[in-house]
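Structure record follows, encoded as structure tokens.
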Amino acid sequence: MRIGYPCINRSIHCTASHTFRLASYTGERLRETVTANLACLEKILRYNHEHGLLFFRITSDLVPFASHPICTFPWQEHFAGEFRRIGEFIRKNGFRISMHPDQFVLLNAPDEGVFQRSIADLVYQTQVLDLMGLDATAKVQIHVGGVYGDKRLSMDRFAEKYTLLDEVIKNRLVIENDERLYTIRDCLELHDRTGIPVIADSFHHALNNKGERFADLLEPLRETWKGRDGIPMVDYSSQEPGKRVGAHAEHIVLEDFRQFLKETLLADIDIMLEIKDKEKSALLALAAARDDARLITRIPAHA
DNA sequence: AATGGTCAAGTCAGC
DNA sequence: GCTGACTTGACCATT
Numbered sequence: 056m057r058i059g060y061p062c063i064n065r066s067i068h069c070t071a072s073h074t075f076r077l078a079s080y081t082g083e084r085l086r087e088t089v090t091a092n093l094a095c096l097e098k099i100l101r102y103n104h105e106h107g108l109l110f111f112r113i114t115s116d117l118v119p120f121a122s123h124p125i126c127t128f129p130w131q132e133h134f135a136g137e138f139r140r141i142g143e144f145i146r147k148n149g150f151r152i153s154m155h156p157d158q159f160v161l162l163n164a165p166d167e168g169v170f171q172r173s174i175a176d177l178v179y180q181t182q183v184l185d186l187m188g189l190d191a192t193a194k195v196q197i198h199v200g201g202v203y204g205d206k207r208l209s210m211d212r213f214a215e216k217y218t219l220l221d222e223v224i225k226n227r228l229v230i231e232n233d234e235r236l237y238t239i240r241d242c243l244e245l246h247d248r249t250g251i252p253v254i255a256d257s258f259h260h261a262l263n264n265k266g267e268r269f270a271d272l273l274e275p276l277r278e279t280w281k282g283r284d285g286i287p288m289v290d291y292s293s294q295e296p297g298k299r300v301g302a303h304a305e306h307i308v309l310e311d312f313r314q315f316l317k318e319t320l321l322a323d324i325d326i327m328l329e330i331k332d333k334e335k336s337a338l339l340a341l342a343a344a345r346d347d348a349r350l351i352t353r354i355p356a357h358a
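All the letters of the first sequence, read from the start, carry residue numbers 56 to 358 under my numbering.
The following block contains the structure:
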């Protein structure tokens, strides 16, 4: 089991999410920005390595406008050496890596233009992981998409579109339940139809479910990850008190997280903490998990 | 140098 | 019909 956090580290003064306005695009500006982003990504990974946080989500902003027609700079070739070096660091230290395209990536969009732009973004995200030389355990997670007035048809469309994808993308793509439209059950059904692994978000599940206990879904979820996909990834968060339902917490609530660990005790999973103070909460979670592990080892093997 | 409005892209819910 | 939310952050024009 590895524990991690997404995209941003608040302890070091370095972000891999530098961007700029579309109107400011030049090849030179892109080169400068990506140079800075890759340098920061490496620093963040070094911090994570030193602190035992071995699950990390790479920001989609790493190469700004990478999937936009304006981007003609050959960043893949220009930064091939840097990507390879970072990839070696990742592999050498046993990191698990994910990426998460944002809300504009919709495989099941009825609009062909939206679909094509989504493909372009998935190509970009998989290229980043490919350039790092990462195997199929490094995943790109998306949601099922919109409902467009007919959930049944929209799920059918997802399954159809998925089968059209290039193998390079299929090797990395996983689907995640969301807090309003598609449940873990829906994702598992799409797995049955397409073979796509399912990444569960425990917080979204708490907000959108058909009465299933999260712990009871762990085994069906695990079965969607084949050997080369690695162990299942799970996103974890909790409700920020006093805010809109679904708002991610600012800080981890350790009591809740310990309960979550207890429920998932027997499942070997990598846990991503979607908590706003990022590595700060991840470190507390890691300490809690290590406490738990010590408790577990006291249980006799044949008990 | 500080700040607040704005930023490539889509969809849905709630007003 | 508009606004805010999504993994919320970072840019940049204006002061």
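Idealized CB from N, CA, C, for every residue including glycine. Given the structure is predicted, the values throughout are model-derived calculations rather than measurements.
- The region 197 to 216 makes contact with the region 228 to 245, as at least three CB pairs between them are under 8 Å.
- Inside the region 226 to 251, DSSP marks whole beta strand (DSSP E) runs of 3 or more residues at positions 228 to 231, from first to last along the chain.
- Inter-residue distance for S173 and P156 is about 9 Å (C-alpha atoms, whole angstroms).
- Residue state for R101 is assigned as helix, using DSSP reduced to three classes.
- Counting only unbroken stretches of 4 or more residues, the alpha helix (DSSP H) elements lying wholly within the region 76 to 138 are 82 to 106 and 130 to 133, in sequence order.
- In the structure shown, the three-state DSSP call for Q196 is strand.
- Assignment of M327 by DSSP, reduced to helix, strand and coil, places it in the strand class.
- Proximity to F315 across K298, F134, D347 and T88 peaks at D347, based on C-alpha coordinates.
- For the pair of segments examined, the region 132 to 148 was found not to touch the region 158 to 178: the number of CB pairs separated by less than 8 Å stays below three.
- Cα atoms of W280 and P287: separation of roughly 6 Å, rounded to the nearest angstrom.
- In the structure shown, P296 falls within a coil segment according to DSSP collapsed to helix, strand and coil.
- Exclusion of the five residues before and after L184 leaves A193 as the residues of its chain whose Cβ lies within less than 6 Å of its Cβ.
- R268 and A322 have their C-alpha atoms roughly 14 Å apart.
- DSSP, reduced to helix, strand and coil, places G204 outside both helices and strands of the structure shown, so it counts as coil.
- Ranked by Cα distance from W130, the first of N92, A164, F150 and R151 is N92.
- In summary, R57 is buried, with 16 or more beta-carbon neighbours lying within 10 Å of its beta-carbon over all protein chains present.
- Where G168 is concerned, the enclosing alpha helix (DSSP H) starts and stops at E167 to L186.
- Residue environment analysis places F128 among the buried positions, since at least 16 neighbouring C-beta atoms fall within 10 angstroms of its C-beta.
- Residue state for D346 is assigned as helix, using DSSP reduced to three classes.
- Membership of P275 in the alpha helix (DSSP H) is indicated by the continuous run F269 to E278.
- Note on L309: under 16 other CB atoms within 10 angstroms of its CB, so exposed under the neighbour-count rule.
- Two segments are said to touch when three or more pairs of C-beta atoms, one from each, lie closer than 8 Å; by this definition the region 102 to 109 does not touch the region 78 to 89.
- With 16 or more other Cβ atoms inside 10 Å of its own Cβ, R151 counts as buried.
- About 6 Å separates the CB atoms of V253 and L243; that is less than 8 Å, so the two are in contact.
- For A261, the enclosing alpha helix (DSSP H) covers residues S257 to L262.
- Between H198 and F258, the C-beta gap is not smaller than 9 Å, which leaves the two residues out of contact.
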